[in-house]
Amino acid sequence: MLYSSSPRFELQRFNHPTKPDGSLSFLVVGDWGRRGLFNQSQVASQMGRIGEQLDIDFVISTGDNFYDNGLTGEDDPEFEESFTKVYTAQSLQKQWYSGKGDAEAQLSPVLRQTDWRWLCLRSFIVNAELAEIFFVDTTPFVRSYFTDSKGHTYDWRAIKSRKAYIREAIELRTESQDSTDLESALTESIASWKIVVGHHSIRSIGHHGDTEELVKLLLPVLQANSVDFYMNGHDHCLEHISDKDSSIQFLTSGAGSKAWRGDIKDVNRKDLRFFYDGQGFMSVQLSQADAEIVFYNVFGEALRTLNASKGLHQSI
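Letter by letter, the sequence shown follows residues 29 to 344 of my numbering.
This is how it looks when you write it as structure tokens:
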């Protein structure tokens, strides 16, 4: 059902089949790991209920998975206390494809031995037949993490330099000409739906707002390659913003536990379609021609639905 191929210089790719009818469904949650506190357990319960209704194929986490400062190591008990012992519903016993966010220890493959559902890498691709989902480690894009860590510790040993990381991950091939960077992978994709997942927002009216480095460096690549959805966490809210220059829809799902009530900026933004500053998650259902994305609150109530068709995006 699930296998990976990772030739040298290529983004690691994981294949995940669709349902027999060719459809796909999954949940999206972010910024959650608080040992069940701040309504994390309540959100998890509703995820389990909706996951069963939709017969989900997998779960996507948009990063910042363990608070306050990530796992201290691969044997940190918080992994089980904030993940294994919280997301216990039968419908959530599926593969979890996890974006990294800011912490490093969660990348350890040893964690997959603790809980088989866990898969967290810097950047990788999920080939789900009718959709390709491109996970991008957006942390090295953010200049302030290199200049002002604000009390957090970041491990940059795997990053040669910020400029080199961005160049090799997004813009250029390596000298071997055998690499698959994000730009070429998007260009070569023939999937009906192209989805990019990063931890940091490109567009947001939440606490952090737009990530200017992503607006400058990543957004043009997504626009040039007909990406349908950019999904992120980072801001602890649920949110939908349209792109005025393309059909990309910016979807924030960072409300898996502690939310930031009333922390809003730029409320008059014309491209804002939906904003909710409480806890919750998203569901995604895809067919070859249509997508339905629903935002849920902590009680499992549907707050907003985005219906999209190939060639036409609109929210209802």
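Don't be surprised by glycine CBs; every beta carbon is placed ideally from N, CA and C.
Only a predicted model underlies this, so the values are computations on that prediction, with no experimental measurement involved.
A direct Cα-to-Cα measurement between N325 and A72 gives close to 11 Å. Setting aside the 5 residues that flank it on each side, V312 is surrounded in the same chain by F54, I321, each with a C-beta closer than 6 Å to its C-beta; the list follows chain order. Between T46 and F257, the alpha-carbon positions lie close to 19 Å from each other.
Scanning N43, N260, Q81, R140 for the CA closest to the CA of T239 turns up N260. For the set E106, S315, S232, R77, the Cα lying nearest the Cα of T142 is the one of E106. DSSP places K244 within a helical segment (H, G or I) once states are collapsed to three. For the set D305, T90, V170, the Cα lying nearest the Cα of L149 is the one of T90. Under the three-state reduction of DSSP output, I230 falls in the coil class, being neither helix nor strand. The segment 78–86 and the segment 98–116 do not touch, with fewer than 3 CB-CB distances between them shorter than 8 Å. When secondary structure is reduced to three states using DSSP, Q123 falls in the strand class. In the three-state scheme derived from DSSP, where H, G and I count as helix and E and B as strand, E157 is classed as coil. The C-alpha of R171 lies about 34 Å from the C-alpha of M75. Here F86 is not near G61, since their CB atoms are 7 Å or more apart. Within the DSSP secondary-structure output, K222 pairs in a beta bridge with E160.
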